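Residue numbers (our numbering): 9 to 301.
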């Protein structure tokens with residue numbers, strides 16, 4: 009390469025770098041002018057544009073007073089809902105596949121341990137939900153965004169004062185805005201289970217954590233134990249406090265820290281996010297060659 013060509017190449021790279029930095033500066037300037045509430049609204053809109061994604065999630069959930077962390081690599085299709093998860097830690101290689109409307113509504117599990125066969129389990133059953141705050145049907149952004157939007161709609165104009173903007177943060181090399189939801193109305197109340205209600209219907213209609221309800225009522229993670237006629241203690245809202253980091257470029261959450269009245273309840277961290285990838289049909293099939301079902 010000639011000397012002149014090398015110089016041109018270096019100048020071109022520098023020009024592109026300055027252009028990229030300028031774009032980041034514009035993005036940061038735009039987000040700086042937004043309130044916490046407006047950042048939340050931008051996040052809701054961005055989440056609705058996600059049709060598929062690949063990501064690695066590190067989830068930390070409090071179970072029986074102990075914070076338990078799992079790391080999984082995940083593929084997700086939003087509609088129709090399909091999800092494949094391969095656990096990286098602590099049960100390396102454990103696979104879960106769930107496709108809405110397939111396999112008689114069951115999820116397929118490759119436990120990579122005894123009994124050494126693929127299991128077919130009800131994703132809403134106590135066996136599969138044991139030790140988990142959420143079901144395999146709650147992957148991606150749709151479910152968690154529905155919880156946040158429910159709170160915003162519930163409190164209306166007042167929600168604008170409940171969501172505050174924090175200082176920007178760097179999350180694993182990703183420039184993020186940060187917001188905090190502070191809910192002064194969170195408390196527990198007595199609820200008598202009606203004949204048409206189940207724990208699943210209660211948590212879905214009121215956007216609550218069924219796991220939190222079980223824990224509060226000492227029901228040993230048994231979702232089937234909640235029966236009509238029982239009086240149980242139920243939270244008024246999902247959480248009294250949430251902190252969310254929002255990628256300044258995609259406007260999507262990369263970290264969600266959720267508290268209850270005892271402290272940290274759950275923490276979800278997203279890494280290596282790939283938005284709207286195209287999947288081959290067999291990637292959500294138990295026969296896919298890379299899977300062990």
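Note that CB positions come from ideal geometry on N, CA and C, so glycine has one too. Fair warning: this is a prediction, and the values are worked out from it, not measured in the lab.
Rounded straight-line distance, which links the Cα of residue j to that of residue i
i           : j           : result
residue 43  : residue 172 : 7 Å
residue 41  : residue 174 : 13 Å
residue 81  : residue 235 : 36 Å
residue 283 : residue 83  : 10 Å
residue 36  : residue 55  : Confidence at residue 36 is low in this model, with a pLDDT of 47, below 50, so the placement of that residue is unreliable and no value is reported for it.
residue 194 : residue 295 : 46 Å
residue 53  : residue 142 : 23 Å
residue 199 : residue 238 : 8 Å
residue 267 : residue 155 : 14 Å
Residue i and residue j closer than 8 Å at C-beta
i           : j           : result
residue 262 : residue 149 : no
residue 246 : residue 207 : no
residue 301 : residue 118 : yes
residue 229 : residue 168 : no
residue 70  : residue 274 : yes
residue 166 : residue 250 : no
residue 253 : residue 177 : yes
residue 78  : residue 97  : yes
CA nearest to the CA of residue i, picked from the options
i           : options        : result
residue 110 : 95, 208, 131   : 131
residue 158 : 219, 259, 49   : 49
residue 299 : 65, 143, 105   : 105
residue 292 : 51, 86, 77, 65 : 86
residue 100 : 140, 121, 258  : 121
residue 140 : 74, 209, 270   : 74
Range covered by the alpha helix (DSSP H) that runs through residue i
i           : result
residue 44  : 44 to 56
residue 234 : That residue, residue 234, is in no alpha helix (DSSP H); it is neither H nor E in DSSP.
residue 214 : 207 to 214
residue 6   : Missing from the structure shown is residue 6; the chain here goes from 9 to 301 and no further.
residue 218 : 218 to 224
residue 152 : 150 to 163
residue 264 : Here residue 264 belongs to no alpha helix (DSSP H); instead the beta strand (DSSP E) covers 261 to 268.
Residue i, enclosing beta strand (DSSP E) - first and last residue
i           : result
residue 173 : 171 to 179
### Message
If contact is defined by three or more beta carbon pairs under 8 Å, each pair taking one atom from either stretch, is the segment 216 to 228 in contact with the segment 283 to 298?
### Response
Inter-segment contact for the segment 283 to 298 and the segment 216 to 228 is absent: fewer than three beta-carbon pairs are separated by less than 8 Å.
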